[in-house]
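Colleague:
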Amino acid sequence: MKNVQIAFAGVLAMTFAASGEISIRSDYPGGNVKVCGIDEAAGVVTLAPDLRDTKTKWFHFDFTLTGAAGRTLRFRFPQDRFDYLSSLGPAISKDGGKTWRWLNADGTRHEPNNAFDYTFGPDENETRFAVSIPYSQKNWDAYSAKWRGVPGVKFDVLCKSQSGRRDTELLRLPCRRDGARWLFAFTARHHACETTANPVMEGIVDEILSGSPDGEWIRDNADCVFVPFMDKDGVEDGDQGKNRHPHDHNRDYLSGIYNSVRAVKELLVRESNGRQIVFVDLHSPHVRSHARSPEQDCAFTFESSSPVHNIRIGKFRRNWAETSKGGALVYDGTHDIPANKGHAVTLKKARKAGLMNSRHWVESLPNCYLATCCEFGYSLCGGVFSQDGGRELGRNMLKALVRTARSAEKP
Ligand SMILES: [Zn+2]
Numbered sequence: 000m001k002n003v004q005i006a007f008a009g010v011l012a013m014t015f016a017a018s019g020e021i022s023i024r025s026d027y028p029g030g031n032v033k034v035c036g037i038d039e040a041a042g043v044v045t046l047a048p049d050l051r052d053t054k055t056k057w058f059h060f061d062f063t064l065t066g067a068a069g070r071t072l073r074f075r076f077p078q079d080r081f082d083y084l085s086s087l088g089p090a091i092s093k094d095g096g097k098t099w100r101w102l103n104a105d106g107t108r109h110e111p112n113n114a115f116d117y118t119f120g121p122d123e124n125e126t127r128f129a130v131s132i133p134y135s136q137k138n139w140d141a142y143s144a145k146w147r148g149v150p151g152v153k154f155d156v157l158c159k160s161q162s163g164r165r166d167t168e169l170l171r172l173p174c175r176r177d178g179a180r181w182l183f184a185f186t187a188r189h190h191a192c193e194t195t196a197n198p199v200m201e202g203i204v205d206e207i208l209s210g211s212p213d214g215e216w217i218r219d220n221a222d223c224v225f226v227p228f229m230d231k232d233g234v235e236d237g238d239q240g241k242n243r244h245p246h247d248h249n250r251d252y253l254s255g256i257y258n259s260v261r262a263v264k265e266l267l268v269r270e271s272n273g274r275q276i277v278f279v280d281l282h283s284p285h286v287r288s289h290a291r292s293p294e295q296d297c298a299f300t301f302e303s304s305s306p307v308h309n310i311r312i313g314k315f316r317r318n319w320a321e322t323s324k325g326g327a328l329v330y331d332g333t334h335d336i337p338a339n340k341g342h343a344v345t346l347k348k349a350r351k352a353g354l355m356n357s358r359h360w361v362e363s364l365p366n367c368y369l370a371t372c373c374e375f376g377y378s379l380c381g382g383v384f385s386q387d388g389g390r391e392l393g394r395n396m397l398k399a400l401v402r403t404a405r406s407a408e409k410p
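In numbering that gives the first Met the number 0, the protein residues as written are 0 to 410.
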């Protein structure tokens with residue numbers, strides 16, 4: 000066996016080949032895998048996510064395999080009871096990442112959570128496998144091209160990425176009229192591996208610019224800002240991002256060790272003067288549901304421990320359930336996380352230890368009207384997740400946010 004290290008975009012990525020024909024690489028944006036072994040004769044590939052500075056087990060992988068046309072291979076992740084595959088198995092692309100389908104495209108649950116078999120077609124020489132449908136800067140560039148040059152759409156830079164090698168994008172949709180009363184802010188990828196957040200963000204932008212009644216209201220009454228990649232280096236380098244050492248981007252709102260977190264905090268304070276803030280931080284949850292965590296296969300959000308904020312979040316939740324009815328992906332609020340229970344308790348403990356997350360920090364601002372975090376299941380998300388479905392859910396979410404804000408303006 001041989002290992003080849005290839006320098007890529009300033010980081011080391013790995014190509015791994017056994018002595019035969021099968022080889023695996025992850026030397027592209029978002030790529031990540033640790034190849035533990037390829038047994039060509041038996042047709043068994045043993046893999047693990049490359050954790051890097053993530054200090055807990057996690058599940059992000061994204062690799063391309065060549066040299067197995069016509070064969071059936073067995074892919075094996077560590078046998079340690081952790082979840083390495085989402086509920087529908089891996090996402091698979093046969094065209095270099097342009098289009099994706101789930102191993103269980105019909106929506107049936109894949110078992111086990113740490114292994115899958117795959118039969119390559121007779122001419123299928125190169126196939127990409129990932130834990131989720133990937134989304135990196137090139138996807139954002141391809142999406143946002145349609146809005147470049149459109150009046151009222153401004154492509155800006157929030158700050159340099161943590162390494163200084165890249166820009167952290169900031170999209171602005173400034174209010175069309177003087178005297179905006181609202182600042183709507185959306186962030187994604189505080190956790191680098193959480194790719195379902197970005198199609199949702201695309202849908203939110205699309206709805207605002209669609210000419211719909213909700214879109215027109217927001218353009219006349221609010222400044223809108225979007226940060227698609229809070230952990231830009233992590234997204235491009237294919238890091239897990241979650242549970243980074245010493246803490247990840249969404250535990251950084253008190254200490255501020257990350258450029259992008261400091262820049263978002265400054266922006267929200269500076270640009271919300273005289274305005275009320277609506278803030279939504281977009282995430283993906285754990286990789287599959289269990290009896291005690293059915294929310295992982297849904298779109299879900301969190302209650303607030305502040306009674307005043309909880310009333311507003313309750314309105315938003317009801318509005319979103321209404322606007323998403325009949326969609327390919329449906330939010331119904333059934334599995335939202337109650338305040339002071341489960342994951343909320345973990346967050347409270349973290350906060351006491353000085354590790355505040357984005358929504359808690361924004362909620363503490365005196366002019367915050369609504370701050371929430373929304374999570375979007377990797378492969379099941381109130382329906383079989385697709386990028387189109389994510390966009391539709393984002394459009395429906397924006398309508399719900401506008402209706403919630405407008406209800407605050409009614410006498
Ligand atoms: Zn997250």
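Think of the CB as a built atom: it goes at the ideal place given N, C-alpha and C, for glycine as much as any other residue.
Identify the residues that DSSP records as bridge partners of Lys33: which are they?
Modeller: Ala47
Colleague: Is there contact here, the region 132–141 with the region 24–33, by at least three beta-carbon pairs under 8 Å?
Modeller: The answer is yes - the region 24–33 touches the region 132–141, with three or more Cβ pairs under 8 Å.
Colleague: Flag this pair as yes or no: are the beta carbons of Lys54 and Asn242 separated by less than 9 Å?
Modeller: yes
Colleague: Using alpha carbons as the reference points, say which of Ser86, Gly42, Val204, Arg70 lies closest to Phe58.
Modeller: Ser86
Colleague: Just list the residues that DSSP pairs Asp331 with in beta bridges.
Modeller: DSSP lists no partner for Asp331.
Colleague: Whole-angstrom Cβ separation of Asn356 and Tyr252, contact assumed at under 8 Å?
Modeller: 6 Å
Colleague: Leaving aside the five residues before and after Lys231 along the sequence, list all residues of the same chain whose C-beta is less than 6 Å from its C-beta, in chain order.
Modeller: Ser160, Arg165, Thr167
Colleague: How far does the alpha helix (DSSP H) with Ile312 in it extend, from its first residue to its last?
Modeller: Ile312 -> alpha helix (DSSP H) spans 306–322.
Colleague: If I measure Cβ to Cβ from Asp331 and keep anything under 6 Å in the same chain, skipping five residues before and after, which residues do I get?
Modeller: Around Asp331: Ala320.
Colleague: Going straight from the alpha carbon of Val268 to that of Ser131, what length do you get?
Modeller: 34 Å
Colleague: Could you tell me whether the region 98–108 touches the region 58–68, where touching means 3 or more Cβ pairs closer than 8 Å?
Modeller: Flag = no, the region 98–108 and the region 58–68 do not touch.
Colleague: Out of Ile207, Asp116, Gly202, His189, which has the shortest C-alpha to C-alpha gap to Val152?
Modeller: Ile207
Colleague: Compute the Euclidean distance between the alpha carbons of Arg172 and Ala68, then round it to the nearest angstrom.
Modeller: The sequence given here places Leu at residue 172; Arg does not occur at that position. About 47 Å.
Colleague: For Tyr134, name the three-state secondary structure that DSSP assigns.
Modeller: coil
Colleague: Taking the alpha carbon of Glu235 as the point to measure from, which residue in Ala221, Ser271, Cys192 has its own alpha carbon closest?
Modeller: Of the candidates Ala221, Ser271, Cys192, the one whose C-alpha sits nearest the C-alpha of Glu235 is Cys192.
Colleague: Following the continuous beta strand (DSSP E) through Gln275, name the residue where it begins and the one where it ends.
Modeller: Segment 275–282, the beta strand (DSSP E) holding Gln275.
Colleague: I need the straight-line Cα distance from Arg147 to Phe225, nearest angstrom please.
Modeller: Roughly 15 Å separates the two Cα atoms.
Colleague: If contact is defined by three or more beta carbon pairs under 8 Å, each pair taking one atom from either stretch, is the region 112–126 in contact with the region 63–83?
Modeller: yes
Colleague: If we call anything under 9 Å between Cβ atoms a contact, is Gly381 one with Ala298?
Modeller: yes
Colleague: In chain order, what residues of the same chain lie with their CB nearer than 6 Å to the CB of Ala8, ignoring the 5 residues before and after it?
Modeller: Confidence at Ala8 is low in this model, with a pLDDT of 38, below 50, so the placement of that residue is unreliable and no value is reported for it.
Colleague: Could you check the C-alpha separation between Gln436 and Gly36 for me, to the nearest Å?
Modeller: The chain is shown only over 0 to 410; residue 436 falls outside these bounds and no answer can be derived.
Colleague: When you compare only the Cα positions, how much space is there between Leu169 and Gly42?
Modeller: 46 Å
Colleague: On a CA-only basis, which of Asp387, Ser271, Glu362 is nearest Ala196? Give me that one, please.
Modeller: Asp387
Colleague: Let me check understanding here. Comparing Cα to Cα, which of Tyr377, Arg250, Glu408 lies closest to Ala129?
Modeller: For Ala129, the nearest C-alpha among the options comes from Tyr377.
Colleague: In three-state DSSP terms, what is Lys54?
Modeller: coil
Colleague: Give the DSSP-derived three-state secondary structure of Val414 in the structure shown.
Modeller: Residue 414 is absent from the structure shown; the chain starts at 0 and stops at 410.
Colleague: Determine which residues share a DSSP beta bridge with Phe301 and list them.
Modeller: According to DSSP, which records beta bridges pairwise, Phe301 is partnered with Ile336.
Colleague: If you run the structure through DSSP and keep just helix, strand and coil, what is Ile91?
Modeller: strand
Colleague: Among Glu362, Pro48, His109, which one has its Cα closest to the Cα of Asp296?
Modeller: His109
Colleague: Asn249: which of Lys398, Gly353, Pro89, Leu46 sits nearest, CA to CA?
Modeller: Gly353
Colleague: Output the residue ranges of the beta strand (DSSP E) runs that lie fully inside the region 230–263 and measure 3 residues or longer, sorted by chain position.
Modeller: none
Colleague: Along the chain, where does the beta strand (DSSP E) that runs through Ala129 open and close?
Modeller: 125–129
Colleague: Using the Cα positions of Gly393 and Ala399, report the straight-line distance between them to the nearest angstrom.
Modeller: 10 Å
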